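> According to this note's numbering, the sequence shown is numbered sequentially starting from 121.
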Amino acid sequence: MLAVQPLIEPGTQRLLATVFMFVALAQGWNLIGGFTGYASFGQVAFFGIGAYTAAVLMTNYHVSFWAAMPAAIVGGVLFAVLIGAPLLRLRGHYFAIATLGAAEGAREVVNNLTPLTGGGVGITVPTFGAQAPTPYFGKPGFYIAFLVLAVLSIAVCALLARSRFGYAMVAVHEDEAAAGAVGINTTAVKVVAFAISGAIVAAAGAFYAFQQIQFYPESVFDASITVLMVIMVVIGGSGTILGPIAGAVGLELLSQYLRINLGLYNQLIFGAIIVVVVVFFPQGIVNFFRDAIRERRFSPLDNIRRYRL
């Protein structure tokens, strides 16, 4: 992707930067939802916290983006630990609803801290002139920035998946009680996985804030961002490294194509495609083809019967 960048027009570079961002977001959600088995519907809270931490530091305190971004990551980790310690004691839909509530609560806090965040009026990051703490990257710069973020998130998740910690996450997913019985500190595993997930998503939020220049609480705490993360991981294949990549690239490019070519009907068709894919490939595209190649079973109808849908 770095090699072909000079051949890509600026508008397409911005589109691909968004694709790279969602690859990172999907990898972050996959850690807690795919590997650990705790479906968080509040991941957008980390995205918004990362965005506002970077924006507030750059706007109000004239801090360089390269110093504001690590602060945004720390903010995401601290918030993950703060809410993860109590909420990760819940399971199933109780945990999902609780994380959704935490995200809404974070949005309301940011919305009411008007002197600091601008509240409902939004915040504008200084990117040009003497007031800019860091020169604006432009479309080529953000293409590279989000590409690096995507690669780092994939590398982190791949290393974790093949470590003792990764096996502990899978053990918690498969049978948390049994994992605890064999000596795994399940609480620590869940909180750490949640914190690493929050760090990745918060870093994406910081880059997004700088890229957008001006944004509002409703845009960076939008629950649909979390929904996209979940859909990308589920369709691609949860609990794998390739699954979130395939889901993020495929769905984001498909969404953009439908939006450009089908106008008002794009969301309806996009939703219908998601339903069809989930019905025929409930284990995810990557898992389906992996199993199909291994077992020589390529029929989607057999796959439906196999999963009793």
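Don't be surprised by glycine CBs; every beta carbon is placed ideally from N, CA and C. Keep in mind the model is a prediction, meaning the values are calculated, not measured.
With H, G and I counted as helix, E and B as strand and the rest as coil, what does DSSP make of Phe335?
strand
> Count the C-beta pairs between the segment 252-271 and the segment 139-148 that are closer than 8 Å, then say yes if the count reaches three, no if not.
yes
> Are the beta-carbon atoms belonging to Val292 and Val309 less than 7 Å from one another?
yes
> Determine the DSSP secondary structure at Thr360, reduced to helix, strand or coil.
coil
> Name the one or two DSSP bridge partners that Ile243 has.
Phe335
> Which residue from Ala323, Val406, Ala315 and Glu372 puts its Cα closest to that of Leu198?
Ala315
> Would you check if the distance between the CB atom of Val396 and the CB atom of Gly357 is smaller than 7 Å?
no
> Restricting to Cα atoms, I'd like to know which of Ala366, Glu224 and Val354 is closest to Ala343.
Nearest C-alpha to Ala343: Glu224.
> Just to confirm my understanding: we take Leu267, look at its own chain, exclude 5 residues before and 5 after, and list those with CB closer than 6 Å. What are they?
Met121 and Phe140
> Alpha helix (DSSP H) containing Asn423: first to last residue?
For Asn423, the uninterrupted alpha helix (DSSP H) run begins and ends at Pro420 to Arg426, by DSSP.
> One question on the structure: do Phe166 and Ala265 come within less than 7 Å of each other, judged by their Cβ atoms?
The answer is no: Cβ separation not under 7 Å.
> Using CA coordinates, which residue listed in Val399, Tyr385, Ala323 and Asn381 is at the minimum distance from Ala192?
The shortest Cα separation from Ala192 among Val399, Tyr385, Ala323 and Asn381 belongs to Ala323.
> Considering just the uninterrupted stretch of the alpha helix (DSSP H) at Ile128, what are its terminal residues?
Careful: Ile128 lies outside any alpha helix (DSSP H) and carries neither H nor E.
> Evaluate Gln387 with the Cβ neighbour count: other Cβ atoms within 10 Å of its Cβ, from every protein chain shown; 16 or more gives buried, anything less gives exposed.
exposed
> With a threshold of 16 other CB atoms inside 10 Å of the CB of Gln334, please say whether the residue is buried or exposed.
Per the 10 Å Cβ criterion, exposed.
> Nearest-angstrom Cα distance between Thr173 and Gln133?
26 Å
> Can you grab the Cα-Cα spacing for the pair Ile345 / Val164, in whole Å?
6 Å
> Do you know how far the Cα of Ile380 is from the Cα of Ile169?
31 Å
> Quick one: using the 10 Å Cβ neighbour count with 16 as the cut-off for buried, is Phe341 buried or exposed?
buried
> First and last residue of the alpha helix (DSSP H) that includes Asp411?
In the DSSP assignment, Asp411 falls within the unbroken alpha helix (DSSP H) covering Ile405 to Glu415.
> Using the rule of at least 16 other Cβ atoms within 10 Å of the residue's Cβ for burial, across every protein chain shown, is Pro255 buried or exposed?
exposed
> For Leu373, tell me which candidate among Arg425, Pro190 and Leu136 has the shortest Cα-Cα distance.
The option with the nearest alpha carbon to Leu373 is Leu136.
> If you measure between the beta carbons of Val311 and Ala159, is that distance less than 7 Å?
no
> Residues in the same chain with beta-carbon distance under 7 Å from Ala218, minus the five sequence neighbours each way, listed in chain order, please.
Leu207 and Leu210
> Could you tell me the alpha carbon to alpha carbon distance between Ala216 and Ala222, rounded to whole angstroms?
10 Å
> Given a cut-off of 7 Å, decide if Met178 and Val124 are closer than it, judged by their beta-carbon atoms.
One thing to note: Val124 has its Cβ no nearer than 7 Å to the Cβ of Met178.
> Report the residue ranges of all alpha helix (DSSP H) runs contained in full by the segment 137-220; include only those spanning at least 4 residues, in chain order.
164-180 and 185-207
> Hey, how far is the Cα of Phe401 from the Cα of Ile152?
22 Å
> For the alpha helix (DSSP H) that contains Val397, what are its first and last residues?
For Val397, the uninterrupted alpha helix (DSSP H) run begins and ends at Asn386 to Phe400, by DSSP.
> By how many angstroms is the C-alpha of Leu233 removed from the C-alpha of Met352?
33 Å
> Can you check which of these residues, Leu127, Val241 and Val201, is closest to Glu338 by C-alpha distance?
Val241
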